[in-house]
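J.: Those protein sequences? They're chains A and B, same order as listed. According to my numbering, the stretch in the first sequence is residues 1 to 192, in order. According to my numbering, the stretch in the second sequence is residues 193 to 469, in order.
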Amino acid sequence: MATQVNRRQFLKLSGAVAATLALADLGFNESNVQAKTKALKIQSLKPTPTICPYCAVGCGILVYATEAKDDVVYTEGDSDSPINQGSLCSKGGSIRQIYTTEKRVEKPRYRAPGSNKWEEKSWEWMYEQIAKRVKETRDRTFVEKEDGIYVNRTDSIVSLGGAALDNEETHLISKLMRAGLGLTYIEHQARI
Amino acid sequence: MGRNIKFIDISKCDGCRACSVACKNWNDLPIEIEPYNGTIQSHQNVTANTWNVVINREVVQPDGSLAWHFRHTACLHCEEPSCALACSENVITKREDGAVVIDEEGCVGCGYCVTNCPFDIVQLKKVKINGKTYEKASKCNLCEGRIAEGLEPACSRICHTDAIQYGDYDELMAEAEERLEVVKKRYPDANIYSPAGVGGTTTIYLLTEKPSLLGLPENPEVPSSIALWKHVVQPVGKMLGVGAAVAVAGLFVTKKIVQSQTHHTDSEHKEGEDHAG
Chain A
1 MATQVNRRQF LKLSGAVAAT LALADLGFNE SNVQAKTKAL KIQSLKPTPT ICPYCAVGCG
61 ILVYATEAKD DVVYTEGDSD SPINQGSLCS KGGSIRQIYT TEKRVEKPRY RAPGSNKWEE
121 KSWEWMYEQI AKRVKETRDR TFVEKEDGIY VNRTDSIVSL GGAALDNEET HLISKLMRAG
181 LGLTYIEHQA RI
Chain B
193 MGRNIKFIDI SKCDGCRACS VACKNWNDLP IEIEPYNGTI QSHQNVTANT WNVVINREVV
253 QPDGSLAWHF RHTACLHCEE PSCALACSEN VITKREDGAV VIDEEGCVGC GYCVTNCPFD
313 IVQLKKVKIN GKTYEKASKC NLCEGRIAEG LEPACSRICH TDAIQYGDYD ELMAEAEERL
373 EVVKKRYPDA NIYSPAGVGG TTTIYLLTEK PSLLGLPENP EVPSSIALWK HVVQPVGKML
433 GVGAAVAVAG LFVTKKIVQS QTHHTDSEHK EGEDHAG
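In structure tokens form, the structure reads like this:
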């Protein structure tokens, strides 16, 4: 059939064509799609400086905790630290997990001699037990004189220092162990 | 300031894998434990959730001694990325700062990028959205959020031997040339790796051995079939598709208008109401 288009039909058709083209353009023009930049997750967080707890190097670390202080979002080497100048090793780099891991032990645990179970105890209980047992062992095994010479020592206790101890701490530990308790076996983690 | 690159001098790498840890830490990627594979290497290759692996290769030297090589591997951010060309949804973008970034939301998990990456970097991961499991392509994004803020990527930030550096192209390339001369004295096959077949890369290596000995392709190229598909087949197909859609819609609307005109010539006011609504 020969289509006759009057003015009214022509206007309607023009509108329809324009609308279809506009829709087609909306749906298919993908060249302008740009990947959005992810928000910086530490943007508004204030870092807390700390020292790596692992080896004797003592690298500076910045800890980015949430504002509510209930999660650690990121940790990185402290650029201001003269020791590591922002870098870290793989172990220090994983320090965030000390806080976030589900394996973290949050309370002191005690395993009685001969027992195969760990029990959760309070810090107070722990300190008291440690002090009591150290004193008991030291008093029981203390040797004042050997071959007529004053020795004032015990061979039953060992002190093992950690790499993260600083000068002042090791000085105090040596004093307490050697002069105070009479230990002779005073060692350091780095030598074993 | 010119463009920035990531320069990896593998002769300086001691294989500590801090870059891998930093990558997981910054990008909040989950743990993936792989069985011990006989070397110091933690993972066989990068995966969708492990974007950054230190590859370990033992190479026998001409004098019979053994050399250990460590190569930090992650997306090389090609200047002409095959993955972006292959992407059916156009959600992989080469950004001005050099990063090749996947917009995960728009990814439909077709896997074309995975099969077309010349370096075997992009992988698919399973993501749960509203109880349904979808596949999404995933890879290193050069810490896009960090570099956009003027910081360096997490891997180069943590590196304690400066084996990974991020910075100005001219400065780092000058350093690369300088180092190449030094490294060549010990490793005669040392070379700078930024293959032309993919238009160069934003991650540039100083390799101690031939690329193939260190797990890299010698002459990677953008597959020509992919370029043809993207630049010819897809636009033509789209044009045909749009043309067909417009034609069908046009035919339908024309028919309606013409029909309504013939059927309702004597009830003009009713038709007018229909179209107003």
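For glycine and all other residues, C-beta sits at the position ideal for the given N, C-alpha and C.
By a C-beta neighbour count over all protein chains shown, 10 Å radius and 16 as the cutoff for buried, is V425(B) buried or exposed?
T.: Per the 10 Å Cβ criterion, exposed.
J.: With 7 Å set as the bound, which would you pick, yes or no: does the beta-carbon of S14(A) sit closer than that to a beta-carbon of chain B?
T.: Judged by the 7 Å Cβ criterion, S14(A) is not in contact with chain B.
J.: Which residues share a DSSP beta bridge with S14(A)?
T.: For S14(A), which the question treats as bridged, DSSP gives no partner whatsoever.
J.: Run through DSSP, which three-state label would N217(B) get?
T.: N217(B): helix per DSSP, three-state reduction.
J.: For R338(B), count the other beta carbons within 10 Å of its own beta carbon; 16 or more makes it buried, fewer makes it exposed. Which is it?
T.: Classification for R338(B): buried.
J.: Does DSSP put A164(A) in a helix, in a strand, or in coil?
T.: Reduced to three states, the DSSP call for A164(A) is coil.
J.: Under a CB-based cut-off of 7 Å, is S122(A) close to chain B?
T.: So, not an interface residue.
J.: What are the boundary residues of the beta strand (DSSP E) that includes S330(B)?
T.: Note, S330(B): beta strand (DSSP E), K324 to S330.
J.: Could you pull out every residue in the same chain whose Cβ sits closer than 6 Å to the Cβ of E271(B), ignoring the five residues on either side in sequence?
T.: Closer than 6 Å at the Cβ level, and outside the excluded window around E271(B), lie G391 and G392.
J.: Using alpha carbons as the reference points, say which of G230(B), V283(B), S280(B) and N237(B) lies closest to R263(B).
T.: Ranking G230(B), V283(B), S280(B) and N237(B) by Cα distance to R263(B) puts N237(B) first.
J.: Buried or exposed, going by whether 16 or more other CB atoms sit within 10 Å of the CB of E401(B)?
T.: Buried: at least 16 other Cβ atoms inside 10 Å.
J.: Compute the distance between the beta-carbons of I356(B) and I197(B), then report whether it is under 7 Å.
T.: The answer is no: Cβ separation not under 7 Å.
J.: Put R338(B) into one of helix, strand or coil per three-state DSSP.
T.: In this structure, R338(B) counts as helix in the three-state DSSP scheme.
J.: If you draw a straight line from the alpha carbon of T231(B) to that of R178(A), how long is it in whole angstroms?
T.: Those two C-alpha atoms are separated by around 45 Å.
J.: Use the C-beta contact count for Y397(B): other C-beta atoms within 10 angstroms, 16 or more gives buried, fewer gives exposed.
T.: So Y397(B) counts as buried.
J.: Inspect the CB distances between the stretch 116-132 of chain A and the stretch 75-91 of chain A and report whether three or more fall short of 8 Å.
T.: Verdict: no, contact absent.
J.: Please state whether DSSP places S174(A) in a helix, a strand or coil.
T.: Residue state, collapsed to three classes: helix.
J.: A211(A) by DSSP, collapsed to three states: which one?
T.: Limits of chain A in this structure are 1 at one end and 192 at the other, which puts residue 211(A) out of reach.
J.: Just to check my reading of the structure: I418(B) and S274(B) have Cβ atoms closer than 8 Å, yes? What is that Cβ distance to the nearest angstrom?
T.: Confirmed, Cβ separation roughly 6 Å.
J.: Given a cut-off of 7 Å on the beta-carbon distance, is the pair A214(B) and K317(B) in contact?
T.: No.
J.: Within 10 angstroms of the Cβ of V428(B), are there 16 or more other Cβ atoms? Answer buried if so, exposed if not.
T.: Classification of V428(B): exposed, given that the 10 Å Cβ count is below 16.
J.: Taking only the alpha-carbon atoms, compute the straight-line gap between E194(A) and V151(A) and give it to the nearest angstrom.
T.: Because residue 194(A) is not part of the residues shown, which for chain A are 1 to 192, the question remains open.
J.: Using a Cβ cut-off of 7 Å, pull out every chain A residue sitting near W218(B), in sequence order please.
T.: Here the neighbours are Y74.
J.: Is the shortest distance between the beta-carbon of S90(A) and the beta-carbons of chain B less than 7 Å?
T.: Output row for S90(A): interface = yes.
J.: Do L372(B) and V251(B) have their CB atoms nearer than 7 Å?
T.: Not closer than 7 Å, so no.
J.: Are there 16 or more other CB atoms within 10 angstroms of the CB of Q43(A), so buried, or fewer, so exposed?
T.: Exposed.
J.: For a contact meaning CB atoms closer than 9 Å, what does R96(A) contact in chain B?
T.: Near R96(A) (Cβ distances below 9 Å), the residues of chain B are N217.
J.: Closer than 7 Å, Cβ to Cβ, to anything on chain A: give me those residues from the stretch 406-419 of chain B, in chain order.
T.: Of all residues in the stretch 406-419 of chain B, none has a Cβ within less than 7 Å of some Cβ in chain A.
J.: On a CA-only basis, which of I284(B), L364(B), P227(B) and T265(B) is nearest A210(B)? Give me that one, please.
T.: Comparing Cα-Cα distances from A210(B) to each of I284(B), L364(B), P227(B) and T265(B), the minimum goes to T265(B).
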